[in-house]
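Each remark here refers to the structure printed beneath this line.
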Amino acid sequence: MRSGRFASRWTSTCRILPFRWPPHPPGEANSARQRCATRGAPPYPRLTVPPMPSAVLILNLGAPFRIRAGTDIETANYADGCVVTTPARAVEFGYPPGTRSVGVHFKPWGPAPFLPMPAAELCDRPVTVEQVWGRPAVAELRDRLATATGPYEMLALLEDELMRRLRETAGLGLVRHTSNAMAATAGGVAISDLSATAGVSSTHLAQRFKELIGVTPKRLARTYRFAATVLAIDPAGPVDWADLADRAGYFDQAHFGHEFRTFTGLTPTRYVDVRRRFLREHPGHALDVGPLPAD
């Protein structure tokens, strides 16, 4: 559990505790990474979030925010909140001066038990929570969240809602187990080995991944490798790009640079420059690893 002020006007309360849902074998990861309630002003009015092996569900209790995802040129308004499945491209969030929200950061397969449509339909196409759960239900939930006595009650209310909506999902065990194997190797395991171990064809595995995560196994493995690479970068010091690329398993520097541009729209050196700017302007901020200022 973590609570505190990370910037002058940004307050975040997060719980990184085991969820009661969904049932999973002992030793396997939960579907959720953490629940968070936030309020105040973000570090920048626009943040670009590179693709990570995760998904989010956000209930918005403040002014509308905006999102630009995938190949979209224009941003779109999100008043009630949003559901963003594991993306293939960077997502840009635009924030009002003050924010208030509660949400869940999921593992890649986490939203599947709560979605009425295949996750592939949402890849790089965020939707409002109303489009997933319906306007009356979301309005009632937002009212209850808005009148909660504090962030911990808000987090409990959200978990209760998710428990109520939890449904059996065909293929979830296969996708969860295979994704965990990817995470354990930072995307370094061969997809053919994963399908063989699971006793299914590569075609069947890809179909389940697209249905429940929204991307193919190969794409998710690339995302895990990119995420591990980003987390290995210390922007406060010099970066040995050749060593970093080699340890991450990229074929060569050209392959490494291509992946960076694909995932961030930036060259590796430009990416580190932007990270360093974030550290200078907001030292110690909770968001100084993933999101990047978009201006």
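Take any residue in the sequence shown, note its place counting from 1, add 267, and you have its number in this note's numbering. C-beta: ideal position from N, C-alpha, C; glycine also. Remember, it's a predicted structure, so these values are computed and weren't measured experimentally.
Helix, strand or coil for residue i? Go by DSSP, reduced to three states.
{"i": "GLU435", "result": "coil"}
{"i": "TYR419", "result": "helix"}
{"i": "ILE325", "result": "strand"}
{"i": "PRO550", "result": "coil"}
{"i": "PHE545", "result": "helix"}
{"i": "THR305", "result": "strand"}
{"i": "ALA346", "result": "coil"}
{"i": "GLU341", "result": "coil"}
{"i": "GLY440", "result": "helix"}
{"i": "THR452", "result": "coil"}
Starting from residue i, trace the alpha helix (DSSP H) in both directions and tell me its first and last residue.
{"i": "SER469", "result": "469-479"}
{"i": "HIS372", "result": "Premise fails: HIS372 lies in the beta strand (DSSP E), 366-373, not in any alpha helix (DSSP H)."}
{"i": "VAL456", "result": "Per DSSP, VAL456 belongs to no alpha helix (DSSP H) and is neither H nor E."}
{"i": "VAL394", "result": "Run containing VAL394: none; DSSP gives neither H nor E here."}
{"i": "ALA404", "result": "402-413"}
For the beta strand (DSSP E) that contains residue i, what are its first and last residues?
{"i": "PHE381", "result": "Segment: none, PHE381 is in no beta strand (DSSP E) and carries neither H nor E."}
{"i": "GLU359", "result": "358-361"}
{"i": "ARG335", "result": "332-336"}
Spell out the partners DSSP gives residue i in its beta bridges.
{"i": "PRO560", "result": "LEU314"}
{"i": "VAL351", "result": "VAL323"}
For the structure I just gave you, are there three or more beta carbon pairs, one from the stretch 388-401 and one from the stretch 330-345, closer than 8 Å? Under the 8 Å Cβ criterion, the stretch 388-401 counts as touching the stretch 330-345, having at least three qualifying pairs.
Report yes or no: do three or more beta-carbon pairs, one from the stretch 436-444 and one from the stretch 470-488, lie closer than 8 Å? The stretch 436-444 vs the stretch 470-488: in contact.
Whole alpha helix (DSSP H) runs in the stretch 480-540 with 4 or more residues, listed along the chain? Within the stretch 480-540, the complete alpha helix (DSSP H) runs of at least 4 residues are 484-498, 508-515 and 520-531.
Please determine if the stretch 353-370 and the stretch 312-324 are in contact, where contact requires at least 3 C-beta pairs separated by less than 8 Å. Enough Cβ pairs lie closer than 8 Å, so yes.
Pair every Cβ in the stretch 396-403 with every Cβ in the stretch 442-451, then say whether three or more of these pairs are closer than 8 Å. Between the stretch 396-403 and the stretch 442-451 there are fewer than three inter-stretch CB-CB distances shorter than 8 Å, so the stretches are not counted as touching.
Check whether the stretch 372-387 and the stretch 339-357 touch, using three or more Cβ-Cβ pairs below 8 Å as the test. yes
Can at least three beta-carbon pairs, one atom from the stretch 492-505 and one from the stretch 513-521, be found at a separation below 8 Å? Touching, yes, given that three or more Cβ pairs across the two stretches are closer than 8 Å.
Could you say if the stretch 379-387 and the stretch 339-347 meet the contact criterion of at least three C-beta pairs nearer than 8 Å? no
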